[in-house]
Every structure is written in C-alpha cells, then in structure tokens.
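Taking it in order: structure first as structure tokens, then the write-up.
Residue numbers (the numbering used here), protein chains in the order written: chain A, -15 to 303; chain B, 2 to 328; chain C, 57 to 338.
Structure follows, in structure tokens:
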C-alpha cells in the first residue's frame, strides 16, 4: 500500500511540474514580446529598465525559469500585467466563487445521480432506463453556452425568474439578504453545470450497479432469501460506490473546463471567468497562475480520490 | 545408440509473479531440471495435468521464452545462444485453441502465405499462393478456402489451417501443444490420423503435448510423464503400459476411460492436494498424493534413473536397483 | 461453412447507428453543397434581425447576413477541424498506444506515464493557454485540439493492444518468425482498429465542442465562419437577452452543434455495437 501511495504522490508531483513548465515556456514563446506588455514605449529608458527588472524580464530564460520555480514555492505567482496586483491574491479572491459552484453541482449530482442510476439499473431496458439513456446522450453532448442561452432565454428573460448574470446584484446586500441574493444568482449556473455533469454519475452508477448485481455473491444473497432491497442497498451499493468515488474525482477534473464556459456566460466571478478575462486582456501572468491553480486542484483531487478508493477497496489496501 | 535430434539438458524455467510487502518476488517453478533426448522420426508424447509444466516446456524449446537455466542442443549447438532464424525454420508449433490461433482479420490463405514471404521462401505473391494451395491440399482442405476468414470454418478445419501454416516453413520438428484438446472426439480422431499421415509423408518428428493419456497412447512412440515441472517417467509406449513403474503413471493409466466392462480395472483416485508451484515440497514432488509413499519420500528427492534400457523413472521405490543414472 | 453477416449488413440493422450516420451525412452534405446553396456571407445586408422566412430559413443576424449561409459554411469548418484533429491525434496516439501496449519494458512505461499526465491536466484551460499563444488561425486551432486529443486515443489503443497481444495468433506469428514491426502494425493493428475507430468518432465530436468553445471565448479564427464564432457574435451583441429577441440567431448554430455531436456519438456507439454483438446486452 505504501508503495502505491508513494508512486501516486510522485506522479502527482510530476504532473504539476509538467503543467508548470508548459505554461512557463509557452508563455515565453508568445509572438508578442512580453516586455512590450509591461513597458509603455512612452516611458523613459530608465523607467523601462526598472520595470523590466521588476518583472524579471531582463534575465536569460533559464534563469527566469529557476526564479519562477523559486517564487512558486513561496506562493508568489507574479504580478498581473493589467492591475499590477499579485496574481495569487487575484486568484484567491475568485477561487471561493468557483468552489461554491462546484460544491453545489457535485452535491446535487450525487444526490440525484446515484439514486437515478440505481433505479435505471434495476429497471433495465424498461421505460425509465431508456429515457435515461437518451437523456444522458444529449446532456453529455450539449454545448454549454447553448444550454446557458436556453436557460437565460426561458428562465431569466421570458419568465424573469432569475437574474441574468453575476453572483449578486450590486451593491452587495448585508446579512441574510446577501446570501439569498447569491443563491438566486447561483441557480442558473449550477443548473447548467449540473445537467452537463450528472449524466456521468448516472451512467457510472448504473453500470457499476449492473456489474455488481450480476455477480455471484448477489445471487447467493438472493437465494438465501434476503429481501431484495436490503441486498441491493447493502451489498450492491457498497461495492458500486467505489467507482462512484472515482467518478466524483473525475467530475472535478471535467468540471473545470465546463466551469470556464459557464462562468463566462453567466459572468460568475470565479476562476473560470478570470481565465476568459485574462485572455481578452492579454494578462498572461494571471492566465498562467489560474491555469496552475486549476491543474494543482485537479491533481490533488485525483490523488485524494485514489487514496479513498484504495482505502475502501480491500483488494488494493492489502496489496 | 542413435544420435539425438534434440537434446534437452537440465532445463528450468521459473516465472516471477507479484511481490509481497517487502518487494520480494515469488517464483512459479514451472519446469525444474528437465532432461531428455528426442530422436528423429519419433513422436514423443508429453503427458501431465495442468500445472505440470508441459506447455512451458514446449514454449521454451521453441524459444518463445527464455529458460532460467539449462540448454537445448540442436545441430551441435545450444539454441539459446546466437540467432534464432534457423530455429524458426526447423521447429514449429501447432497451438491448442483453433479459435484463437488464427488472426480473425486475416484471410486464411494470407495467414499461411505470410511466413513464406517473410522468410523469402518464395519470390512473389503468385508463387506464395501456389505454395499455399499445395499446403491446403496436404492437410485435406480445398484451394477455394484461400479467400475465407477463420470464423467461416469449423474447429477441425481451423486446426488443419494451423497445421498448414506450421508446415509452410518446412520444419523438421512439430511441437503440438494440446493440438486436439479443444476438438470434438470424432474430429480429434481425424486430426490425429492427419498427424500420422503427415509424419510419414513429410518425414517429421513430433513433440506431442497433452493431458489426455488416451490420445498420447494412440499417437506416441515414446511417452514422457511430467508432474510439477519434473520428469517422472520416460519409456516407449508399449513399455510404459506393460511395465508401469511410477505410481503417478499408474493412476493416470487407470483413469483412461475403458469402454469394455470386462476389462475395466479399479480406478486409482489420488487423494490430497496438488502442491503449489511456488512453494514446492521437499523430497519427492508427488509424495503428497502418492498411494505408495514411504517415509523417506518426504525428505529425499529421487533422481531420474534408467532402470532398464530406455526406461527412466524418478521414484525412490526403484532407487535400490540403481544402474547408470541421469540426475 | 457458415458465413456471418458482413459488417455493413449488421451495421445497417442497428437503428441508432443509422440515425447517427444519416445526421452526419446531412451536415456533411450541407457543407459540401454550401457554395452552391448560398454565397459566402460577408459585409452587410439590408435586412437586420429578420426572423426565419422562406428567403432566410434561419433568419438574419445583426449585420443582416443570412444565418443559414453562416451555418452551412460553418459545417465546413467543423468537418475541417474535426478531421485535422483526428489526423494529428491518430498520427501520434495510435503508434504510441501500439508500442506501449506491446513492448512491456521501459518505453511502454514512459509513454503511458506521459499519457497519464496529460489525461490528468484540465483540457480546456490548457487549450486556452496554448491557443492564446499560437494565434487564431483555424488550422492552428485544429492542431491544438488534436495535440490534446492524442493521449486518450493512445490509452484506448494501448488497452486494446494489450488484450490482443495475449492472443494465441500473436504467439503463433512470433513463432513463425514474423518481425515485430509487422506483428505490431499489421496483425495487432487490424484487430484494434475497431475500438480505435469508435474512439475516433468521439474525437470528431469533442473536437467540434472544443473548437466551438474556443471560438466562443474569442480564441477562434474570426475570419472563418464556425458555429462557435456565430454564437460569439450573438453573445457579444447581447442577442440572448435582448428585446426583441433574435432567438433564431443563436438557436440554429447551437442545434447544429448538438446534432453533430450527438450523431457522431451515435455513430460511434453503433460501430461499437456492430463489432461486439455479444456486448450488447441492452
């Protein structure tokens, strides 16, 4: 087990290292000279030199890389080209919004997806299952902006049930009103991401359930005369949960991409929207930093979910 | 004494599997210190139950896997040293599963032609096609079958195709690894007869591996009994059945189904568990199930001895009558 | 001798497969016939924000251009991008998968670890970062998508290769002295082509989702018409929540995206079912 953990951890570190290196070198390969983004040609030469030195752009690329890595370890992701604020601060101010969205979506996906998946497995090939099959095919394929537009059009524009964007209607209210306002604003973005992600949970649960139900030890339990629900619940679910936890980890990874699109359309002030804004503004340090944070989140999540699975599955735990 | 066509000397093959907590690997002792000679134009039948190592033996001789120790001498040199091109030409294998030994996505004729083209035994596809049709006819199939795919044939026909493919390179030795075990009994008989005919027509030598002693009895001139990776008994077919020495051989023979009720003798049922190939027992490997076991069998590992000309046995029951032994 | 039904016969009996195929063919046909059906949309037109009519089946946009024309020229872009992405992904991914599946040694491990790393990284953000740098020509976008699609293709190829390598006919080929290269790129490839083809249809589908996403975020090629750029233009002018609402403008490209993706998915499922009738328990 420890061998497995160490290998897993090392691989995670390597992944983060790769993403760090990729972003660093790619951003240096830009056709546009990064210096020009920082330095205003109207500035005098001494000011230009000072600015360059401040951003470390006057040193050779190898040295810049080392400095970059060193800064990373200190939590310093550089300064935003646009606002001159530390990138880390910018990202940290946006991160909670994205996390809020993710927590809502994951919770509802599990709450709804698991029972639906179980139900679909138990009613194989009957009406409900067929409906679920069609639903999942569409919801996985749907283009997130399209889904958002549909919601915005019907629920926000026509029926005026929900606001059309942002996390709250400025100026921010106080106390309970604030939370309610945020909640109202969160409905459409979460709903959009939810539809996109729940299909994965449903399918996974359904297929694991089907596999497990076919196994011999389930038949043994039935033949011992146990109540069908009990068997499904106790024996089936416990073993079907293992891949479900893996899927939850995978969900976080795939949600990151969806979050970028969703937050952009709904103007939700999270890290996803930050990526879009930084691309438009050519604010490369922020883009780089946001990407790194997202990669790190994804890597850590997948390691954690692997650990939980390893702990749950006695076959892995005992080696 | 005739010179051997193939000499197997002290061949061992151990497979590492898994690793426990401390990273130590366990070894499966598939074959241990196996030695025997193979003579030209004979059919040496190798019998054993699953786990006896007989399939591994076939694969090692064919150089499909490297041995852990030992040599195989062919044409005066150890086949494990140096290139294998000549080996590939002279020795071929017919595999067990007719459904898995032919590439489902290749036309049957092309599968047989491929080795001819690869080894440049023909200079173009047209010549290859002619040769393939010859081979198809030798094994009793029609030339039109060239363009069909494996799934269009029955099990027996597929084995014939596999045999044709194995014969493409004009080998001198054919190793048949459970070549008829997956076939219906009636088809088995046809294929066994085909083997005998080919042996005569093409002057082949066979190493015939099977778990079925009845099949081995029919086709073999000499029989080698294997148990847990070791040679237990080796003798001509007639000698093995008339003068059975090893208790394991006795048990195997008694298990052959006998149609006539008058000649049905008592079946020997072996009790006890087959030891694991990872942790082999000390002493004689068979003593855990042997009905003639003696106390010393637990500790002394019997050597392989030639108790009468060309009859070898590995059993302490016969160690008193020692003559020249092969260890 | 018994002959099983050919691939085509089984395929056409599968309803989902046929639906998928028809959808794909329709979109492809519209794309191929685009120059015949409509002029390339550019510049301005007199009729702004017209709802769908006989003259403009999908209405007009904020510049008075025919949305139907935009959409059918967009399907050319979609096919171009998908096919390019598939080509790039296959050129790298299939050999990588074959080699890492067949050779057990360190080379297989290295390839597989690389695949692992890329599969863990968040794809869209990485695409955004790279696309932001390499610029927005449509070919570049396609190549970037392909470069991020090869790892999953390699993984599928590797898994299938590992299964096929254990088959007796591969052992037979080795004992016949067939060289490794032939075994890998002929014998094994012929047998993994099925699952790989299924995965390629999925790559076609996700490529369009990615391209539409990148175009929508402004990283696409503004000079070519693609469904994503149409949506971006609609979004930028506030068409979704505008009054009166030009719903036709953003609805038709979205429907085409959905149709493209769904149909390629169905096609992939159909091919999969045709290849493994035993696995179709549903």
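C-beta atoms are modelled at their ideal positions from N, C-alpha and C, and glycine is treated no differently. Remember, predicted model here, so these are calculated numbers, not experimental data.
#1: Check residue 165 of chain A in the structure and name its three-state DSSP category.
#2: From the beta carbon of residue 173 of chain B, is the nearest beta carbon of chain C less than 8 angstroms away?
#3: Would you say the segment 98 to 109 of chain C touches the segment 161 to 169 of chain C, given that touching needs at least three Cβ pairs under 8 angstroms?
#4: Using only alpha-carbon positions, find the residue among C/131, C/97, C/326 and C/114 that is nearest to residue 307 of chain C.
#5: Tell me which residues of the segment 215 to 232 of chain C have at least one Cβ-Cβ distance to chain B shorter than 7 angstroms, keeping chain order.
#6: Are the CB atoms of residue 181 of chain B and residue 193 of chain B within a distance shorter than 8 angstroms?
#7: Determine, using beta carbons only, whether residue 184 of chain B and residue 157 of chain B come nearer to each other than 8 angstroms.
#8: For residue 189 of chain B, count neighbouring Cβ atoms within 10 angstroms of its own Cβ and tell me buried if that reaches 16, exposed if not.
#9: Taking only runs that begin and end inside the segment 261 to 322 of chain C, name each unbroken alpha helix (DSSP H) of 4 or more residues, in chain order.
#10: So residue 246 of chain B packs on residue 231 of chain B, CB below 8 angstroms; how close in whole Å?
#11: Mapping DSSP to helix, strand and coil, what is residue 56 of chain B?
#12: So, residue 182 of chain C versus residue 204 of chain C, is the Cβ gap smaller than 8 angstroms?
#13: Going by CA-CA distance only, name the one from A/59, A/66, A/-3 and A/245 that's closest to residue 76 of chain A.
#14: Going by DSSP in three states, residue 22 of chain B sits in which element: helix, strand or coil?
#15: Could you name the residues of chain C that residue 63 of chain B contacts, counting a contact when the two beta carbons are closer than 8 angstroms?
#16: Identify which residue in B/164, B/250, B/242 and B/257 has its Cα closest to the Cα of residue 287 of chain B.
#17: Taking only beta-carbon positions, decide if residue 101 of chain B is within less than 8 angstroms of chain C.
#18: Go to residue 171 of chain B, then tell me how far its beta strand (DSSP E) extends in each direction, as first and last residue.
#19: Please state whether the Cβ-Cβ distance between residue 208 of chain B and residue 45 of chain B is less than 8 angstroms.
#20: What is the DSSP secondary structure of residue 268 of chain A, reduced to helix, strand or coil?
#21: Under the DSSP definition of a beta bridge, which residues are partnered with residue 247 of chain A?
#22: Beta-carbon within less than 6 angstroms of residue 34 of chain B's beta-carbon, same chain only, minus the 5 sequence neighbours each way: which residues are those?
#23: Short check: CB of residue 297 of chain C to CB of residue 120 of chain A, under 8 angstroms?
#24: Go to residue 132 of chain C, then tell me how far its alpha helix (DSSP H) extends in each direction, as first and last residue.
#25: What is the rounded straight-line gap between the Cα of residue 28 of chain C and the Cα of residue 141 of chain B?
#26: Please return the same chain residues whose Cβ sits closer than 7 angstroms to the Cβ of residue 317 of chain B, not counting the five positions on each side in sequence.
#27: To which residues of the same chain is residue 7 of chain B closer than 6 angstroms at the C-beta, ignoring the five residues directly before and after it?
#28: Figure out for me which residue from B/309, B/131 and B/5 has the closest Cα to the Cα of residue 169 of chain B.
#29: Could you name the residues of the same chain whose beta carbon sits closer than 7 angstroms to that of residue 270 of chain A, not counting the 5 residues immediately before and after it, in chain order?
#30: Between the Cα of residue 151 of chain B and those of B/144, B/191 and B/108, spot the shortest distance and give me the residue it belongs to.
#31: Determine the extent of the alpha helix (DSSP H) in which residue 236 of chain B is found, giving its start and end residues.
#32: Select from the segment 240 to 259 of chain C all residues with a C-beta closer than 7 angstroms to any C-beta belonging to chain B, and list them in chain order.
#33: With DSSP as the reference, please indicate the residues paired to residue 280 of chain A in a beta bridge.
#34: Mind listing which residues of the segment 181 to 193 of chain C have their C-beta closer than 8 angstroms to chain A's C-betas, in chain order?
#35: Within 8 angstroms of any Cβ in chain A, is that where the Cβ of residue 329 of chain C sits?
#36: So, is the C-beta of residue 150 of chain C closer than 8 angstroms to a C-beta in chain B?
Quick answer:
#1: Residue state, collapsed to three classes: helix.
#2: Answer no: the Cβ-Cβ gap between residue 173 of chain B and chain C never drops below 8 angstroms.
#3: no
#4: C/114
#5: 223, 224, 225, 227, 228, 230, 231 and 232
#6: yes
#7: Yes, the pair counts as a contact, with Cβ atoms nearer than the cut-off.
#8: buried
#9: 283 to 292
#10: Not confirmed; about 15 angstroms, so no contact.
#11: helix
#12: Taking 8 angstroms as the Cβ cut-off, residue 182 of chain C and residue 204 of chain C qualify as a contacting pair.
#13: A/59
#14: The predicted model places residue 22 of chain B with a pLDDT of 47, which falls under 50 and marks its position as unreliable, so this point remains unresolved.
#15: Residues of chain C with a Cβ closer than 8 angstroms to the Cβ of residue 63 of chain B are, in chain order, 231.
#16: B/250
#17: So yes, residue 101 of chain B belongs to the interface.
#18: Counting along the chain, residue 171 of chain B falls outside any beta strand (DSSP E), and DSSP gives it neither H nor E.
#19: yes
#20: helix
#21: BP columns for residue 247 of chain A are empty, so no partner.
#22: 11 and 13
#23: no
#24: Where residue 132 of chain C is concerned, the enclosing alpha helix (DSSP H) stretches over 123 to 158.
#25: There is simply no residue 28 of chain C to check, as chain C begins at 57 and stops at 338 in what is shown.
#26: Apart from the 5 residues on each side of it in sequence, residue 317 of chain B sits with its Cβ closer than 7 angstroms to the Cβ of 285, 295, 297, 298, 301 and 303 in its chain, given in chain order.
#27: 39 and 75
#28: B/131
#29: 64, 71, 74, 258 and 262
#30: B/108
#31: Here residue 236 of chain B belongs to no alpha helix (DSSP H); instead the beta strand (DSSP E) covers 231 to 237.
#32: 243, 246 and 247
#33: Answer by DSSP bridge pairing: none, since residue 280 of chain A is not bridged.
#34: 181, 182, 184, 185, 186, 188, 189 and 191
#35: no
#36: no
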